[in-house]
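What follows is a set of notes on a single structure, which appears directly below.
2 protein chains.
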Amino acid sequence: MKKVVVIGGGTGNFVVLKGLKKYDVALSAIVSMADSGGSTGILRDELGVLPPGDVRQCLVALSDSSRLMRSLMNYRFENGGLEGHSFGNLLLSALEKVTGSFEKAVEEASKILVIKGTVIPVTTNQVHLKMILSNRKLLEGEKEIYLSKEIDQGYKSIFLEPYPKVNPHVIEAIKNADLLILGPGGIYTSIIPNLLVEGVRESICKSKAKKIFIANLMNRTGQTTGFRVSHNLKEIIKFLGKDVFDYILVNKTNPPKRLLEDYKEEGEMVINDIEEKRVVSCDLLGPLGEENKKDLLKRNLIRHDSKKLAKELMKIVNSL
Amino acid sequence: MKKVVVIGGGTGNFVVLKGLKKYDVALSAIVSMADSGGSTGILRDELGVLPPGDVRQCLVALSDSSRLMRSLMNYRFENGGLEGHSFGNLLLSALEKVTGSFEKAVEEASKILVIKGTVIPVTTNQVHLKMILSNRKLLEGEKEIYLSKEIDQGYKSIFLEPYPKVNPHVIEAIKNADLLILGPGGIYTSIIPNLLVEGVRESICKSKAKKIFIANLMNRTGQTTGFRVSHNLKEIIKFLGKDVFDYILVNKTNPPKRLLEDYKEEGEMVINDIEEKRVVSCDLLGPLGEENKKDLLKRNLIRHDSKKLAKELMKIVNSL
Numbered sequence: 399m400k401k402v403v404v405i406g407g408g409t410g411n412f413v414v415l416k417g418l419k420k421y422d423v424a425l426s427a428i429v430s431m432a433d434s435g436g437s438t439g440i441l442r443d444e445l446g447v448l449p450p451g452d453v454r455q456c457l458v459a460l461s462d463s464s465r466l467m468r469s470l471m472n473y474r475f476e477n478g479g480l481e482g483h484s485f486g487n488l489l490l491s492a493l494e495k496v497t498g499s500f501e502k503a504v505e506e507a508s509k510i511l512v513i514k515g516t517v518i519p520v521t522t523n524q525v526h527l528k529m530i531l532s533n534r535k536l537l538e539g540e541k542e543i544y545l546s547k548e549i550d551q552g553y554k555s556i557f558l559e560p561y562p563k564v565n566p567h568v569i570e571a572i573k574n575a576d577l578l579i580l581g582p583g584g585i586y587t588s589i590i591p592n593l594l595v596e597g598v599r600e601s602i603c604k605s606k607a608k609k610i611f612i613a614n615l616m617n618r619t620g621q622t623t624g625f626r627v628s629h630n631l632k633e634i635i636k637f638l639g640k641d642v643f644d645y646i647l648v649n650k651t652n653p654p655k656r657l658l659e660d661y662k663e664e665g666e667m668v669i670n671d672i673e674e675k676r677v678v679s680c681d682l683l684g685p686l687g688e689e690n691k692k693d694l695l696k697r698n699l700i701r702h703d704s705k706k707l708a709k710e711l712m713k714i715v716n717s718l
Numbered sequence: 399m400k401k402v403v404v405i406g407g408g409t410g411n412f413v414v415l416k417g418l419k420k421y422d423v424a425l426s427a428i429v430s431m432a433d434s435g436g437s438t439g440i441l442r443d444e445l446g447v448l449p450p451g452d453v454r455q456c457l458v459a460l461s462d463s464s465r466l467m468r469s470l471m472n473y474r475f476e477n478g479g480l481e482g483h484s485f486g487n488l489l490l491s492a493l494e495k496v497t498g499s500f501e502k503a504v505e506e507a508s509k510i511l512v513i514k515g516t517v518i519p520v521t522t523n524q525v526h527l528k529m530i531l532s533n534r535k536l537l538e539g540e541k542e543i544y545l546s547k548e549i550d551q552g553y554k555s556i557f558l559e560p561y562p563k564v565n566p567h568v569i570e571a572i573k574n575a576d577l578l579i580l581g582p583g584g585i586y587t588s589i590i591p592n593l594l595v596e597g598v599r600e601s602i603c604k605s606k607a608k609k610i611f612i613a614n615l616m617n618r619t620g621q622t623t624g625f626r627v628s629h630n631l632k633e634i635i636k637f638l639g640k641d642v643f644d645y646i647l648v649n650k651t652n653p654p655k656r657l658l659e660d661y662k663e664e665g666e667m668v669i670n671d672i673e674e675k676r677v678v679s680c681d682l683l684g685p686l687g688e689e690n691k692k693d694l695l696k697r698n699l700i701r702h703d704s705k706k707l708a709k710e711l712m713k714i715v716n717s718l
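Going down the list, the protein sequences come from chains A and B. If you're matching positions, the first sequence starts at 399 in this note's numbering and goes up one per residue. If you're matching positions, the second sequence starts at 399 in this note's numbering and goes up one per residue.
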């Protein structure tokens, strides 16, 4: 069975994992541990736990349990002191407290959710993502970075503090992979935070796996304003140290104009400007999924279709 | 397989169910839905859900899942907006929201916890327990009643508001039972609230099952001050309408003096003053259980031993 490793965090990962789950591949998801927004941020602050949000999304994507269990994991309490917390986040945090370890918590939650594959937190250190902009402003925490509208004006550096030790299972998974997938997802908030962990970029560069970059469908105004596929790729390569990609997967379908109008304030489409043999250009556009609707942000109105994405990825897997 | 039905709620039930779980009997727990204190009270107020606390305790008692899962259910968050909530209560409340029904929630939680037997909420109506004292003071909610130190001065009435419809599964379980067990547990806060639901006392009186009353070990000052076994029994019989009990199980061992000293403010031992053939008097005293320690209140320092209790109960079951 071919080993496929997906590196990221958040809804980008979700779509890829959900699609690939249905195929006969050994899946691992390496997940960013920088999230500091919403329910996750409150749990980090109040309980001192590691960020559960991105891990929860990957667990749900890989879950073979009932639809009810998956809905339960994404259910958000609507009132009182629990308001905004997703049940899955509370499960992971309570398990971390009871077992004394976030990794054990992920392991136990994986059993409860009958997941197909493995979810691996990129580090089990308590870290915060920080960014220094060109105007010397310091953005503290993934949430501040996610919300900033000034990143497109340039930044000096992005880093995790304190500098974290990698989870050894990450290095092992990357080393043994047949296919490594980066993207789609927030470049600064989901993908790069993985590459900033000690040893991750080196293992990716050394790995004999085929490497694929899946370009985002949409830019985010103030973050990646006007980015084309080449700009996205360049940003990732900057943190990897070299261009390691064997494939670049891009979408070639235009979303309905109405959706683009709705989306206008958030950002514009990412246009492909790379014409190379390694570029796979095809229709990857999905309808607005009914499932997990509550968990979707506006930016996800236009998103990848998990089935189309998985079909293209499996063509590559089967050619290995 | 003999059908054993336990009627109550709270820690009293817990000990009986935990002990009987290890034997080859078909167990059902009928659970009071009047709880309004602590985490349960907050969830009722803020989310409008039915009270999960007593049901959670019964589920954990009957669970055949790992020790970790049981610890998880009783784990209480210690900080922030989640402070004081037990994870199991959040599970039941989230399941109620996702499935749209408390009964479904109990059913799903039963699967997750691999329970042996059935947990049946006595009603699925949203009710509050109220008590009018002899001094005309109105106590609203199980919590106020539980905390009152004036009940031993007499009360005029105790009732559920609004008057609830019984859960039909309750009537069925009582009808088909071979053995019905009432107690131990808070008379006013755990046992009587079941008898106040429409049709419950009639079904108990009509049922061909053998009926057993397990007397409490300790009184609660201000509630059952100076009660002997006969007083406890009389109170229950008052709400049943007649003396239906075939057996009365009482403890004959004295707890260590040190423990009685610790307990002094809370209450004194319940002394047995009934000398009848149906009284089974034996050693039922347990050590302070390590398990679920966090969930125990001071009153549970002196409590029944689940193994000793189950052994005596099984003698009766096997004689049927």
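All C-beta atoms, glycine included, are put in the ideal place defined by N, C-alpha and C.
Beta-carbon contacts of residue 507 of chain A that lie in its chain and below 7 angstroms, excluding the five residues immediately before and after: As a first step, residue 507 of chain A must be located in the first sequence, where it is residue number 109. So the list reads 457, 489, 490, 493, once near-sequence residues are dropped.
Output needed for residue 437 of chain A: all residues of its chain with C-beta closer than 6 angstroms, excluding positions within five of it in sequence on either side, in chain order. Locating residue 437 of chain A in the first sequence gives position 39, where the first residue counts as 1. If we look at residue 437 of chain A and ignore the five residues flanking it on each side, its Cβ neighbours are 482, 483, 484, 487.
Please report the Cβ distance between residue 584 of chain A and residue 408 of chain A, rounded to the nearest whole angstrom; I am assuming they are in contact, meaning their Cβ atoms lie under 8 angstroms. Within the first sequence, the letter at position 186 stands for residue 584 of chain A. Within the first sequence, the letter at position 10 stands for residue 408 of chain A. Right, their Cβ atoms sit about 6 angstroms apart.
According to DSSP, is residue 623 of chain B helix, strand or coil? Position 225 of the second sequence, counting from 1, holds the residue named residue 623 of chain B. Note: residue 623 of chain B maps to coil in three-state DSSP.
Does residue 442 of chain A pass the burial test, meaning 16 or more other C-beta atoms within 10 Å, or should it be called exposed? One-based indexing of the first sequence puts residue 442 of chain A at position 44. Classification for residue 442 of chain A: buried.
Residue 506 of chain B touches chain A at which residues, Cβ-Cβ below 7 angstroms? For the purposes of this step, residue 506 of chain B is taken as residue 108 along the second sequence, with counting starting at 1. Ordered by position in chain A, the residues that pass the 7 angstroms Cβ test against residue 506 of chain B are 466.
Quick one: what does DSSP say residue 539 of chain A is sitting in, helix, strand or coil? If you number the first sequence from 1, residue 539 of chain A lands on position 141. Looking at residue 539 of chain A - three-state DSSP - the assignment turns out to be coil, as it is neither helix nor strand.
Residue 400 of chain B versus residue 571 of chain A: straight-line alpha-carbon distance, rounded: Along the second sequence, one-based indexing puts residue 400 of chain B at 2. Along the first sequence, one-based indexing puts residue 571 of chain A at 173. Residue 400 of chain B and residue 571 of chain A: Cα-Cα distance of roughly 53 angstroms.
Which same chain residues end up closer than 6 angstroms to residue 578 of chain A when comparing Cβ atoms and leaving out the 5 residues on each side of it in sequence? Translated into positions along the first sequence, residue 578 of chain A becomes position 180. Correct list, in chain order: 403, 607, 609.
Going by DSSP in three states, residue 679 of chain A sits in which element: helix, strand or coil? The count along the first sequence starts at 1 and reaches residue 679 of chain A at position 281. Three-state DSSP puts residue 679 of chain A in a strand.
Cβ-based neighbour list, residue 641 of chain B, same chain, cut-off 6 angstroms, excluding 5 preceding and 5 following: Here residue 641 of chain B refers to the residue found at position 243 of the second sequence. Closer than 6 angstroms at Cβ, skipping near neighbours: 635.
Please report the distance separating the alpha-carbon of residue 424 of chain B from that of residue 574 of chain A. As a working note, residue 424 of chain B is residue 26 in the second sequence. As a working note, residue 574 of chain A is residue 176 in the first sequence. Approximately 50 angstroms, taken between the alpha carbons.
Quick one: list the residues of chain B neighbouring residue 469 of chain A, beta-carbon separation under 7 angstroms, in chain order. Position 71 of the first sequence holds residue 469 of chain A. Under the 7 angstroms cutoff, chain B gives 496.
Do residue 647 of chain A and residue 587 of chain A come within 9 angstroms of each other at the CB atom, strictly closer than that value? Numbered from its first residue, the first sequence carries residue 587 of chain A at position 189. Numbered from its first residue, the first sequence carries residue 647 of chain A at position 249. The answer is no: Cβ separation not under 9 angstroms.
May I ask you to report which of helix, strand or coil DSSP gives residue 442 of chain B? In the second sequence, residue 442 of chain B corresponds to position 44, counting from 1. Residue state, collapsed to three classes: helix.
Look at residue 594 of chain A and residue 558 of chain A and say whether their C-beta atoms are less than 9 angstroms apart. Residue numbering aside, residue 594 of chain A sits at position 196 when the first sequence is read from its first letter. Residue numbering aside, residue 558 of chain A sits at position 160 when the first sequence is read from its first letter. Yes, the Cβ-Cβ distance between residue 594 of chain A and residue 558 of chain A is below 9 angstroms.
With DSSP as the reference, identify every bridge partner of residue 667 of chain B, one or two as the case may be. Sequence index remark: in the second sequence, residue 667 of chain B carries index 269 (1-based). According to DSSP, which records beta bridges pairwise, residue 667 of chain B is partnered with B:616.
Between which two residues does the alpha helix (DSSP H) holding residue 526 of chain A run? Taking the first sequence and counting its residues from 1, one reaches residue 526 of chain A at position 128. Not the alpha helix (DSSP H): residue 526 of chain A falls in the beta strand (DSSP E), residues 526-531.
Same chain, Cβ closer than 7 angstroms to residue 474 of chain B, neighbours up to 5 away in sequence not counted: On the second sequence, position 76 is the one that residue 474 of chain B refers to. Only 482, 483, 484, 692 meet the Cβ criterion.
Give the list of continuous alpha helix (DSSP H) stretches no shorter than 4 residues that lie fully inside the region 465-508 of chain B. 465-472, 485-497
What residue from A:511, A:604, A:497 has the CA that sits closest to residue 464 of chain A's CA? Residue numbering aside, residue 464 of chain A sits at position 66 when the first sequence is read from its first letter. The option with the nearest alpha carbon to residue 464 of chain A is A:511.
What is the DSSP secondary structure of residue 571 of chain A, reduced to helix, strand or coil? The count along the first sequence starts at 1 and reaches residue 571 of chain A at position 173. Residue 571 of chain A falls in the helix class under three-state DSSP.
Test: residue 440 of chain A CB closer than 9 angstroms to a CB of chain B: The residue labelled residue 440 of chain A in the question sits at position 42 within the first sequence. Yes - at least one Cβ of chain B is within 9 angstroms of the one on residue 440 of chain A.
Does residue 500 of chain A get closer than 9 angstroms to chain B when you measure Cβ to Cβ? Taking the first sequence and counting its residues from 1, the one referred to as residue 500 of chain A is at position 102. Answer no: the Cβ-Cβ gap between residue 500 of chain A and chain B never drops below 9 angstroms.
According to DSSP, is residue 406 of chain B helix, strand or coil? Taking the first residue of the second sequence as 1, we reach residue 406 of chain B at position 8. Residue 406 of chain B sits in a strand when the DSSP states are folded into three classes.
According to DSSP, is residue 721 of chain B part of a helix, a strand, or is it coil? Nothing can be reported for residue 721 of chain B, as the shown portion of chain B is limited to 399 through 718.
Selection from B:476, B:515, B:674 that minimises the alpha carbon distance to residue 428 of chain B: Residue 428 of chain B sits at position 30 when you count from the first residue of the second sequence. The residue with the shortest Cα to Cα distance from residue 428 of chain B is B:515.
Report yes or no: is there a C-beta of chain E within less than 9 angstroms of the C-beta of residue 491 of chain B? Protein chains A and B are contained in the structure displayed, whereas chain E is not.
Starting from residue 578 of chain A, follow the beta strand (DSSP E) in both directions and report where the run begins and ends. Sequence index remark: in the first sequence, residue 578 of chain A carries index 180 (1-based). Note, residue 578 of chain A: beta strand (DSSP E), 577-580.
Taking buried to mean at least 16 other C-beta atoms within 10 Å of its own C-beta, is residue 521 of chain B buried or exposed? Taking the second sequence and counting its residues from 1, one reaches residue 521 of chain B at position 123. That one is buried.
Under a three-way DSSP split, which group does residue 547 of chain A fall into? As a working note, residue 547 of chain A is residue 149 in the first sequence. Residue state, collapsed to three classes: coil.
By DSSP, does residue 701 of chain B sit in helix, in strand, or in coil? Stepping through the second sequence from its first residue, residue 701 of chain B is reached at position 303. Three-state DSSP puts residue 701 of chain B in a strand.
With distances taken between CB atoms, is the gap from residue 671 of chain A to residue 618 of chain A smaller than 9 angstroms? Translated into the one-based positions of the first sequence, residue 671 of chain A becomes position 273. Translated into the one-based positions of the first sequence, residue 618 of chain A becomes position 220. No; because the gap between Cβ atoms is not below 9 angstroms, this pair is not in contact.
Note down, in chain order, each residue of its chain lying with its Cβ closer than 7 angstroms to the Cβ of residue 567 of chain A, except the 5 sequence neighbours on either side. Counting from one through the first sequence, the residue named residue 567 of chain A turns up at place 169. 518.
Check whether the Cβ of residue 574 of chain A lies closer than 9 angstroms to any Cβ atom in chain B. Translated into positions along the first sequence, residue 574 of chain A becomes position 176. Chain B contact via Cβ: absent.
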